[in-house]
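Undergrad: Shown below is the structure under consideration.
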Amino acid sequence: MAQPQTHQTRLLASRRLADIDELVSKPYPGIELRVQDANVAELCLVLSPPEQKPLHLKIHLGPDYPLSPPTVSIQSSVEHPNIFGSYICASILNDGEAYTPAYTLKGIAIQLLSFFASDSIEQDYGAVINRSDYSKYSEHRFLVDPTAYTCQDCGFGKDNSGAAMSMNAISNALPSAGAIVAAPHTCPIAELSDDMLLEICEKLETEDLLRAASAWEPFRRMLHTITPTRNLRCFTLKKGFKEANLGIGVHAERGSLQSEFDLLSSSAFTTLRVRRSIHGLYFEHWLPLPLSQAHWHRVRGSLLNDSLDNIRRSMTQSSPITYVQVLYTFMNDVVVRLSKAASDGPAEVARSRDAQKSTLLHASEKAVESYLSLFHLLVCMAHDDPTIVTAARGQLDRFLGGQVDKSAVPNVGHLLISRLLTDIDSGGNAENAEDVTIAIVKEAVTRNVVWMLDAKGAGMAELSYIEPSATSDYRLRKTFDASRTSYQLLMFLNLMRRFVLGTHTKGALTLDSMQQTLFRTHGVPGPGVAAGIAQSIRQIQKVDNFVDFLRAMDVKVLPKKSEFVNFLKKTVTESMERGYSKWALTQERALGLRLIVEPGVERVEGVEPVSFFGQNPSFFPGQAHGRQTGGQRGGRGMGMGMGMGRGRGRR
Numbered sequence: 001m002a003q004p005q006t007h008q009t010r011l012l013a014s015r016r017l018a019d020i021d022e023l024v025s026k027p028y029p030g031i032e033l034r035v036q037d038a039n040v041a042e043l044c045l046v047l048s049p050p051e052q053k054p055l056h057l058k059i060h061l062g063p064d065y066p067l068s069p070p071t072v073s074i075q076s077s078v079e080h081p082n083i084f085g086s087y088i089c090a091s092i093l094n095d096g097e098a099y100t101p102a103y104t105l106k107g108i109a110i111q112l113l114s115f116f117a118s119d120s121i122e123q124d125y126g127a128v129i130n131r132s133d134y135s136k137y138s139e140h141r142f143l144v145d146p147t148a149y150t151c152q153d154c155g156f157g158k159d160n161s162g163a164a165m166s167m168n169a170i171s172n173a174l175p176s177a178g179a180i181v182a183a184p185h186t187c188p189i190a191e192l193s194d195d196m197l198l199e200i201c202e203k204l205e206t207e208d209l210l211r212a213a214s215a216w217e218p219f220r221r222m223l224h225t226i227t228p229t230r231n232l233r234c235f236t237l238k239k240g241f242k243e244a245n246l247g248i249g250v251h252a253e254r255g256s257l258q259s260e261f262d263l264l265s266s267s268a269f270t271t272l273r274v275r276r277s278i279h280g281l282y283f284e285h286w287l288p289l290p291l292s293q294a295h296w297h298r299v300r301g302s303l304l305n306d307s308l309d310n311i312r313r314s315m316t317q318s319s320p321i322t323y324v325q326v327l328y329t330f331m332n333d334v335v336v337r338l339s340k341a342a343s344d345g346p347a348e349v350a351r352s353r354d355a356q357k358s359t360l361l362h363a364s365e366k367a368v369e370s371y372l373s374l375f376h377l378l379v380c381m382a383h384d385d386p387t388i389v390t391a392a393r394g395q396l397d398r399f400l401g402g403q404v405d406k407s408a409v410p411n412v413g414h415l416l417i418s419r420l421l422t423d424i425d426s427g428g429n430a431e432n433a434e435d436v437t438i439a440i441v442k443e444a445v446t447r448n449v450v451w452m453l454d455a456k457g458a459g460m461a462e463l464s465y466i467e468p469s470a471t472s473d474y475r476l477r478k479t480f481d482a483s484r485t486s487y488q489l490l491m492f493l494n495l496m497r498r499f500v501l502g503t504h505t506k507g508a509l510t511l512d513s514m515q516q517t518l519f520r521t522h523g524v525p526g527p528g529v530a531a532g533i534a535q536s537i538r539q540i541q542k543v544d545n546f547v548d549f550l551r552a553m554d555v556k557v558l559p560k561k562s563e564f565v566n567f568l569k570k571t572v573t574e575s576m577e578r579g580y581s582k583w584a585l586t587q588e589r590a591l592g593l594r595l596i597v598e599p600g601v602e603r604v605e606g607v608e609p610v611s612f613f614g615q616n617p618s619f620f621p622g623q624a625h626g627r628q629t630g631g632q633r634g635g636r637g638m639g640m641g642m643g644m645g646r647g648r649g650r651r
């Protein structure tokens, strides 16, 4: 008696049958899949590489396919450096290597066709073997005939080997189409609404949709709507957002959040326990995304709240955070990784967690899509809960009112994200917009002081000497250089703020209109947006001074040089007064260090330089000593600066 199917078994069986149907109904040149009525788990694959004889392979789809790769063996005799008897040495067939559930059976077959068609075969140990040379020296080169094999199951090697195979196995296994119904009523296609045309387009294959678009303008208009949604499906079960609840896998580590933003269904996460992205990055949480209005109505509520609660509890924050703060952290971390990708060298990138595998770290396009997806979720949550906008406005008002310390604002970068909600709520015309930006910049520079002075950061202890001159090119240049990475991060965050506000192009800007705009695009950036962002990133990387930095932050009224130098000197004093840093050197010793790098610096009357060699006292509160000094620099200040991340203030 057959065992009843579990939910997991049904999910996997549906994916297996869909893969088989795709390869049979939409064949690829040089590939033929032959299906047996008796057992759809045992398949015959015939590959015909260009200018070569056909090859016969057998495919076994195990009960856990696609979670594990299919077992593929070759029966035809062939000279190939990676063929050992019937075993095919290919990373795509090995679990834990190149294989991922994102590969369909068709994708694997195409890879194998390329594998047998290639003249140069790359090996795991780095060498490349020329197949012609390999065959030339093989002792069996005159005995190989791929067509000598005869398959009793599919007829390969027989006269009728090209006959079409039965599709009964697939048609019997696939869901029934139901009883035949009467012919539907018809009407001229030009009279159909856009919603009906959209439904038609969604049923068309990509090739047919392209033909329809070339023949009729309304279909061409729909093409821009349909094409992005074709990729909005679970990479494991291949289900779209109309059929499944879709979200992303999330990894929490030391208070930061990471994701490759590969769409994954809740069923694949909970029932199939998928825990790795397409590129093999581990995650332990799942977060639903809005994608469409109907999808949002399905995933909001307990499904979303449970996901956010699990993520929140795993972030190991010293103090409790809200669900919205989880999103602020996530959005900030996306930009942090983008900023690191733009500024780090290859060696530095390689040291981060699984960075060599990461698509997000190296692709601004992916970062833009990721940020917009999270912003879409934030807008939907704020639309449903007005207290979120109220809290964001209250925090900004308190910040402008002077509550700027780390207890009130642990992360300055979050202000630029929460400001998005108040910008939208005010129709994009907030009266205090520039005041908020200036206040954020001031606080960022103040929080950066300790990392500018201390050897753990830039090691510019000489800037703790407060020169009496009205202007100082040295202070202007070195203060920026000391924390350039953190200022880049602020510019990236502001760039993303402008980008998401720019997605709304019609009508008055409100939370409701922004939500509807994002629903129409499914949270996917429009064509050319990613390229524009990439160009802006390149411009940000060129910024090397405070004037260009302030312009990039959309500050329209720039301060005079003397005013800004005076501000920079005040931030040193304020940093000490707030307890962000401490006076580690007397003005005499600081002047001694300053004269080494800037001999012409103006001296304060009565202050005489004192040479200082030996261990540099730490500028961090509560620490006695830093690193060895004597006019030499410390680190490069890569701690993200300005309290932008949880790395600020670590000992």
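Taking UniProt numbering as reference, the numbering of the sequence shown is continuous, increasing by one, and the terminal residue is 651.
Where a beta carbon is used, it is the ideal one built from N, C-alpha and C, also for glycine.
#1: May I have the straight-line CA-CA distance separating Ser-112 from Leu-55, to the nearest angstrom?
#2: Do Leu-550 and Gly-427 come within 8 Å of each other at the CB atom, strictly closer than that value?
#3: With distances taken Cα to Cα, identify the nearest neighbour of Ser-118 among Ile-20, Glu-51, Tyr-87 and Ser-73.
#4: Please state the DSSP three-state secondary structure of Tyr-282.
#5: In terms of residues, what are the limits of the beta strand (DSSP E) holding Ile-388?
#6: Distance, Cα to Cα, Gly-394 vs Phe-619?
#7: Specify the secondary structure class of Tyr-323 as computed by DSSP and reduced to three states.
#8: How many angstroms separate the CA atom of Gly-255 from the CA atom of Asp-309?
#9: Which one or two residues does DSSP pair with His-56 in a beta bridge?
#10: Please say whether Phe-480 and Phe-546 have beta carbons closer to each other than 8 Å?
#11: So what's Glu-32 in DSSP terms, helix, strand or just coil?
#12: Check whether the segment 235-242 touches the segment 264-271, counting contact only when three or more Cβ pairs, one atom from each stretch, lie closer than 8 Å.
#13: Using a 10 Å radius around the Cβ and a threshold of 16 neighbouring Cβ atoms, would you call Ile-189 buried or exposed?
#14: Please report the Cβ distance between Ile-74 and Ser-86, rounded to the nearest whole angstrom; I am assuming they are in contact, meaning their Cβ atoms lie under 8 Å.
#15: Can you find the residues in the same chain that come closer than 7 Å, C-beta to C-beta, to Val-379, ignoring five residues on each side of it along the sequence?
#16: Considering only the alpha carbon of each residue, which of Asp-95, Ser-486, Thr-503 and Ala-534 lies closest to Pro-525?
#17: Between Val-449 and the rest of its own chain, which residues show a CB-CB distance below 7 Å, the 5 nearest in sequence each way excluded?
#18: With 16 other CB atoms within 10 Å as the buried threshold, where does His-60 fall?
#19: Could you tell me whether the segment 467-483 touches the segment 394-413, using the rule of 3 or more Cβ pairs below 8 Å?
#20: Which residues in the same chain as Val-604 place their Cβ atom closer than 6 Å to its Cβ, once the five residues preceding and following it in sequence are excluded?
#21: Along the beta strand (DSSP E) that carries Val-250, what are the first and last residues, could you check?
#22: Below 8 Å, how does it come out for the segment 490-499 and the segment 450-465: are there three or more Cβ pairs, yes or no?
#23: Using CA coordinates, which residue listed in Ser-562, Ser-611, Glu-598 and Arg-578 is at the minimum distance from Thr-586?
#24: Taking buried to mean at least 16 other C-beta atoms within 10 Å of its own C-beta, is Thr-485 buried or exposed?
#25: Express the C-alpha separation of Asn-494 and Leu-416 in angstroms, rounding to a whole number.
#26: For Arg-603, does the three-state DSSP call read helix, strand or coil?
#27: Indicate the three-state DSSP secondary structure (helix, strand or coil) for Gly-155 in the structure shown.
#28: So Leu-272 and Pro-288 are in contact, right, with Cβ under 8 Å, and what is the actual spacing, rounded?
#29: Hey, how far is the Cα of Asp-333 from the Cα of Gly-528?
#30: Can the beta-carbon of Phe-261 be found less than 8 Å from the beta-carbon of Ser-370?
#31: Output yes if chain C places a C-beta closer than 8 Å to the C-beta of Thr-316; else output no.
#32: Shortest alpha-carbon distance to Leu-33 belongs to which of Ser-339, Ile-108 and Asp-548?
#33: Can you give me the Cβ contacts of Arg-10 inside the same chain, cut-off strictly under 7 Å, excluding the 5 residues immediately before and after it?
#34: Going by beta carbon distance, what residues of the same chain come within less than 8 Å of Pro-70, once the five residues before and after it are set aside?
#35: What separation, rounded to the nearest whole angstrom, lies between the Cα atoms of Ile-388 and Leu-396?
#36: Pick out whichever of Met-315, Ser-339, Ala-584 and Val-324 has its Cα sitting closest to the Cα of Asn-305.
TA: The relevant details are as follows:
#1: Within the sequence shown, residue 112 is the residue found at index 112, counting from 1. Within the sequence shown, residue 55 is the residue found at index 55, counting from 1. The displayed chain sequence assigns Leu, not Ser, to residue 112. So the alpha carbons of these two residues sit roughly 11 Å apart.
#2: As a position in the sequence shown, residue 427 is number 427, starting the count at 1. As a position in the sequence shown, residue 550 is number 550, starting the count at 1. Not closer than 8 Å, so no.
#3: Along the sequence shown, one-based indexing puts residue 118 at 118. The residue with the shortest Cα to Cα distance from Ser-118 is Glu-51.
#4: Here the question's residue 282 lines up with position 282 in the sequence shown. Here DSSP, grouped into helix, strand and coil, assigns Tyr-282 to strand.
#5: Your numbering for residue 388 matches position 388 in the sequence shown. Taken as a continuous stretch (DSSP letters only), Ile-388 belongs to no beta strand (DSSP E), being part of the alpha helix (DSSP H) at 387-400.
#6: As a first step, residue 394 must be located in the sequence shown, where it is residue number 394. As a first step, residue 619 must be located in the sequence shown, where it is residue number 619. Each residue's Cα considered, the two are about 33 Å apart.
#7: Numbered from its first residue, the sequence shown carries residue 323 at position 323. Three-state DSSP puts Tyr-323 in a helix.
#8: To locate residue 255, count along the sequence shown from 1; it is residue 255. To locate residue 309, count along the sequence shown from 1; it is residue 309. Looking at the two C-alpha atoms, the distance is approximately 14 Å.
#9: Stepping through the sequence shown from its first residue, residue 56 is reached at position 56. Paired residues: Val-46.
#10: Residue numbering aside, residue 546 sits at position 546 when the sequence shown is read from its first letter. Residue numbering aside, residue 480 sits at position 480 when the sequence shown is read from its first letter. In this structure, Phe-546 sits near Phe-480, with a CB-CB distance shorter than 8 Å.
#11: On the sequence shown, position 32 is the one that residue 32 refers to. It is a strand residue.
#12: The segment 235-242, when compared against the segment 264-271, does touch it at the 8 Å Cβ threshold.
#13: Residue 189 sits at position 189 when you count from the first residue of the sequence shown. The residue in question, Ile-189, is exposed, as its Cβ has fewer than 16 Cβ neighbours within 10 Å.
#14: Taking the first residue of the sequence shown as position 1, residue 74 is located at position 74. Taking the first residue of the sequence shown as position 1, residue 86 is located at position 86. Contact holds; Cβ gap of about 6 Å.
#15: Mapped onto the sequence shown, residue 379 falls at position 379. Result list for Val-379: Leu-511, Met-514, Gln-515 and Leu-518, in chain order.
#16: Residue 525 sits at position 525 when you count from the first residue of the sequence shown. Closest option to Pro-525, Cα to Cα, is Thr-503.
#17: Locating residue 449 in the sequence shown gives position 449, where the first residue counts as 1. Within the same chain, Cβ atoms closer than 7 Å to the Cβ of Val-449 are found at Thr-571, Val-572, Ser-575, Tyr-580 and Ser-581, the five residues on either side in sequence being excluded.
#18: If you number the sequence shown from 1, residue 60 lands on position 60. Exposed, because fewer than 16 other Cβ atoms sit within 10 Å of the Cβ of His-60.
#19: Contact fails: fewer than three Cβ-Cβ distances are below 8 Å.
#20: One-based indexing of the sequence shown puts residue 604 at position 604. Within the same chain, Val-604 has close Cβ partners Pro-468.
#21: Indexing the sequence shown from 1 puts residue 250 at position 250. Taken as a continuous stretch (DSSP letters only), the beta strand (DSSP E) holding Val-250 covers 246-253.
#22: In short, these stretches do not touch, since the Cβ pair count stays below three.
#23: By 1-based counting over the sequence shown, the position of residue 586 is 586. Ranking Ser-562, Ser-611, Glu-598 and Arg-578 by Cα distance to Thr-586 puts Ser-611 first.
#24: Looking up residue 485 in the sequence shown gives position 485. With 16 or more other Cβ atoms inside 10 Å of its own Cβ, Thr-485 counts as buried.
#25: Here residue 416 corresponds to residue number 416 of the sequence shown, with the count starting at 1. Here residue 494 corresponds to residue number 494 of the sequence shown, with the count starting at 1. Taking the straight line joining both Cα atoms gives about 7 Å.
#26: What you label residue 603 is simply residue 603 of the sequence shown in a count that begins at 1. Correct three-state label for Arg-603: coil.
#27: Position 155 of the sequence shown, counted from the first residue, corresponds to residue 155. In this structure, DSSP gives Gly-155 a state outside helix and strand, which the three-state scheme calls coil.
#28: Indexing the sequence shown from 1 puts residue 272 at position 272. Indexing the sequence shown from 1 puts residue 288 at position 288. 17 Å between Cβ atoms; not a contact.
#29: Numbered from its first residue, the sequence shown carries residue 333 at position 333. Numbered from its first residue, the sequence shown carries residue 528 at position 528. In a straight line, the C-alpha of Asp-333 is about 24 Å away from that of Gly-528.
#30: Here the question's residue 261 lines up with position 261 in the sequence shown. Here the question's residue 370 lines up with position 370 in the sequence shown. Between Phe-261 and Ser-370, the CB-CB gap stays under 8 Å.
#31: Within the model displayed, chain C is absent; a lone protein chain is all it includes.
#32: Within the sequence shown, numbered from 1, the residue matching residue 33 stands at position 33. For the residues Ser-339, Ile-108 and Asp-548, the minimum Cα distance to Leu-33 belongs to Ile-108.
#33: Reading the sequence shown from its first residue, position 10 is the one you call residue 10. Closer than 7 Å at Cβ, skipping near neighbours: no residue.
#34: Against the sequence shown, residue 70 aligns to sequence position 70. The answer, listed in chain order, is Ile-59, His-60, Leu-61, Gly-62, Leu-93, Leu-105 and Ile-108.
#35: Here residue 388 is taken as the residue at index 388 of the sequence shown, counted from 1. Here residue 396 is taken as the residue at index 396 of the sequence shown, counted from 1. A straight-line Cα-Cα distance of about 13 Å links Ile-388 and Leu-396.
#36: Stepping through the sequence shown from its first residue, residue 305 is reached at position 305. With distances taken between Cα atoms, Asn-305 lies closest to Val-324.
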